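Asks: Reading the sequence shown from the start, the letters are residues 4 to 139 in my numbering. Where a beta carbon is used, it is the ideal one built from N, C-alpha and C, also for glycine. As the structure is a prediction and not an experimental result, all values here were calculated from the model.
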Amino acid sequence: MEELLKTLNNIRSLRLLAKEIPLEQLETIFKKFELVVQERKEEEEAQQLVLAAHQEKIEKYKELLKSEGISPEELLEVMNLHRFNPSQHKKRAPRPAKYKYTDLDGSQKTWTGQGRTPKAIQIQLDKGATLESFEI
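1. Measure the beta-carbon distance from residue 10 to residue 26 and round it to whole angstroms, keeping in mind my assumption that it falls under 8 Å.
2. With the cut-off set at 9 Å, would you say residue 106 and residue 122 are in Cβ contact?
3. Based on DSSP bridge pairs, tell me the residues matched to residue 102.
4. In angstroms, rounded to a whole number, what distance separates the CA positions of residue 52 and residue 41?
5. For residue 24, which residues of its own chain have a beta-carbon under 8 Å away from its beta-carbon, when the five flanking residues on both sides are left out?
6. Taking only three categories from DSSP, how would you classify residue 1?
7. Find out if the Cβ-Cβ distance for the pair residue 116, residue 104 is shorter than 9 Å.
8. May I ask which residues mark the beginning and end of the alpha helix (DSSP H) holding residue 73?
9. If you run the structure through DSSP and keep just helix, strand and coil, what is residue 4?
10. My output table needs one value for residue 133: the three-state DSSP class, helix, strand or coil.
11. Is any beta-carbon of chain B found at less than 9 Å from that of residue 15?
12. Within 10 Å of its beta-carbon, does residue 124 have 16 or more other beta-carbons around it, so buried, or fewer, so exposed?
13. Mind checking whether residue 139 and residue 100 have CB atoms under 9 Å apart?
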């Protein structure tokens, strides 16, 4: 693709390529290329019209707010009330411990049952103990 763009963008390469292609085929390619360029222009114009209409609506609503005495800050405040606000989000309470065990250092520890099994419990489980024997 990049090589094709280099060829199409260089007049010398185009002239060299044009010498190798019959004139009828070159004219067909030219017509197709013109059609593609025209379609692209129409798409760009349509997109510009949509953007202009959108901007016009924004200006219309700005004027309407101004005439009604509503400030943009007030409107934003009302709009933000309905959005998710992380600072107002309540964190869930930590899970209570389900299991109690003595770790390898000899100190008492607890485990919620979530995540990876603590090494001290896993060693005991491998020896044949049951998880229920560690329940609080």
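Replies: Let's see:
1. The residue you call residue 10 lines up with position 7 of the sequence shown. The residue you call residue 26 lines up with position 23 of the sequence shown. 19 Å between Cβ atoms; not a contact.
2. As a working mapping, residue 106 is identified with position 103 in the sequence shown. As a working mapping, residue 122 is identified with position 119 in the sequence shown. Against a cut-off of 9 Å, the Cβ pair of residue 122 and residue 106 comes out as a contact.
3. Numbered from 1 along the sequence shown, position 99 holds the residue referred to as residue 102. Answer by DSSP bridge pairing, in chain order: 114 and 138.
4. The residue given as residue 52 occupies position 49 in the sequence shown. The residue given as residue 41 occupies position 38 in the sequence shown. The alpha-carbon atoms of residue 52 and residue 41 are separated by roughly 17 Å.
5. Taking the sequence shown and counting its residues from 1, one reaches residue 24 at position 21. Once the five neighbours on either side are set aside, the close Cβ partners of residue 24 are 32.
6. Lying before the first or after the last residue shown, residue 1 is absent from the chain, which here runs from 4 to 139.
7. Numbered from its first residue, the sequence shown carries residue 116 at position 113. Numbered from its first residue, the sequence shown carries residue 104 at position 101. No, the pair does not count as a contact, with Cβ atoms beyond the cut-off.
8. In the sequence shown, counting from the first residue as 1, residue 73 sits at position 70. Where residue 73 is concerned, there is no enclosing alpha helix (DSSP H), given that its DSSP letter is neither H nor E.
9. Within the sequence shown, the letter at position 1 stands for residue 4. In the structure shown, residue 4 sits in coil (DSSP, three-state: anything other than H, G, I, E or B).
10. In the sequence shown, counting from the first residue as 1, residue 133 sits at position 130. Coil, per DSSP.
11. Chain labels in this structure do not include chain B; a single protein chain is all it has.
12. As a first step, residue 124 must be located in the sequence shown, where it is residue number 121. Classification of residue 124: buried, given that the 10 Å Cβ count is 16 or more.
13. Residue numbering aside, residue 139 sits at position 136 when the sequence shown is read from its first letter. Residue numbering aside, residue 100 sits at position 97 when the sequence shown is read from its first letter. Yes.
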